[in-house]
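Numbering-wise, the numbering used here comes out as the position in the sequence shown, counting from 1, plus 112.
Glycine included, every Cβ here is placed at the ideal spot set by N, Cα and C.
What follows is a short report on a single structure.
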Amino acid sequence: MSETTLVLIKPGGVQRNLIGEITRRIEARGLKVAGLKLIVADRATVEEHYSEHRERPFFKDVCDYLTSGPIVAMAVSGTNAVKAIRTMMGATNPLEATPGTVRGDFALTIDDNLTHSSSDPEAAARELGLWFSEGLPS
Ligand code: CMP
Numbered sequence: 113m114s115e116t117t118l119v120l121i122k123p124g125g126v127q128r129n130l131i132g133e134i135t136r137r138i139e140a141r142g143l144k145v146a147g148l149k150l151i152v153a154d155r156a157t158v159e160e161h162y163s164e165h166r167e168r169p170f171f172k173d174v175c176d177y178l179t180s181g182p183i184v185a186m187a188v189s190g191t192n193a194v195k196a197i198r199t200m201m202g203a204t205n206p207l208e209a210t211p212g213t214v215r216g217d218f219a220l221t222i223d224d225n226l227t228h229s230s231s232d233p234e235a236a237a238r239e240l241g242l243w244f245s246e247g248l249p250s
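See below:
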């Protein structure tokens with residue numbers, strides 16, 4: 113089933129010049145980049161994005177981090193895109209991420225795990241509406 117999901121490349125990924133590598137992997141898999149922008153996110157958007165984690169001890173740190181520098185927001189479309197992207201990025205904790213995944217190949221700590229990707233189709237719809245409120249180019 114064709115789906116569209118959200119990928120964020122976090123500040124560490126942008127600083128480490130990994131935009132191209134991560135996007136290359138997504139395209140090589142056969143998925144389409146349906147929307148793409150480099151932005152400095154405002155705090156309200158990031159807090160809304162991570163609202164499910166509002167009571168977690170890492171909430172402030174993750175919001176500080178996401179607003180600390182440019183990030184890439186990307187909409188990715190294709191067959192089973194939500195699950196395909198989650199699998200490609202690897203486990204949230206890079207120490208548990210399999211080699212061959214983005215985190216398993218390029219990350220070491222959970223605080224700087226390089227990317228965020230939507231967990232399920234409902235989260236994808238909500239997150240795409242937040243980060244691409246203007247809609248996707250057709
Ligand atoms: P992400 O997929 O963007 O979703 C929430 C982020 O919070 C997560 O990736 C991590 O970068 C960060 N984080 C920090 N500590 C934790 C934790 N203990 N559990 C889950 N996420 C954490």
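{"Query": "Give every residue of the same chain whose Cβ lies closer than 8 angstroms to the Cβ of Asp224, excluding the five residues on either side of it in the sequence, and list them in chain order.", "Result": "Lys122, Gly124 and Tyr177"}
{"Query": "Hey, how far is the Cα of Met113 from the Cα of Asn205?", "Result": "28 angstroms"}
{"Query": "Would you mind sorting Arg168 into buried or exposed? The rule is 16 or more other CB atoms within 10 Å of its CB.", "Result": "exposed"}
{"Query": "Excluding sequence positions up to five away, which residues of its chain have a Cβ less than 6 angstroms from the Cβ of Asp154?", "Result": "none"}
{"Query": "Using 6 angstroms as the cut-off, classify the Cβ of Ala222 as near or not near the heavy atoms of the ligand CMP, replying yes or no.", "Result": "In the sequence as presented, Ala is not what sits at residue 222; that position holds Ile. Under cutoff, so the answer is yes."}
{"Query": "Taking only runs that begin and end inside the segment 168 to 223, name each unbroken beta strand (DSSP E) of 3 or more residues, in chain order.", "Result": "183 to 191"}
{"Query": "Quick check on the DSSP output: the beta strand (DSSP E) that includes His228 runs from which residue to which?", "Result": "Thr227 to Ser229"}
{"Query": "For the ligand CMP, any of its heavy atoms closer than 6 angstroms to the Cβ of Phe244?", "Result": "no"}
{"Query": "Take Phe244 as the anchor and find which of Leu143, Ile134, His165 and Val184 has the nearest alpha-carbon.", "Result": "Val184"}
{"Query": "Leaving out five residues before and five after Ser230 in sequence, what residues of the same chain have Cβ atoms less than 7 angstroms from its Cβ?", "Result": "Thr117, Leu118, Val194, Ala236 and Glu239"}
{"Query": "According to DSSP, is Leu242 helix, strand or coil?", "Result": "helix"}
{"Query": "For Ile134 and Ser250, what's the separation of their Cα atoms in angstroms?", "Result": "23 angstroms"}
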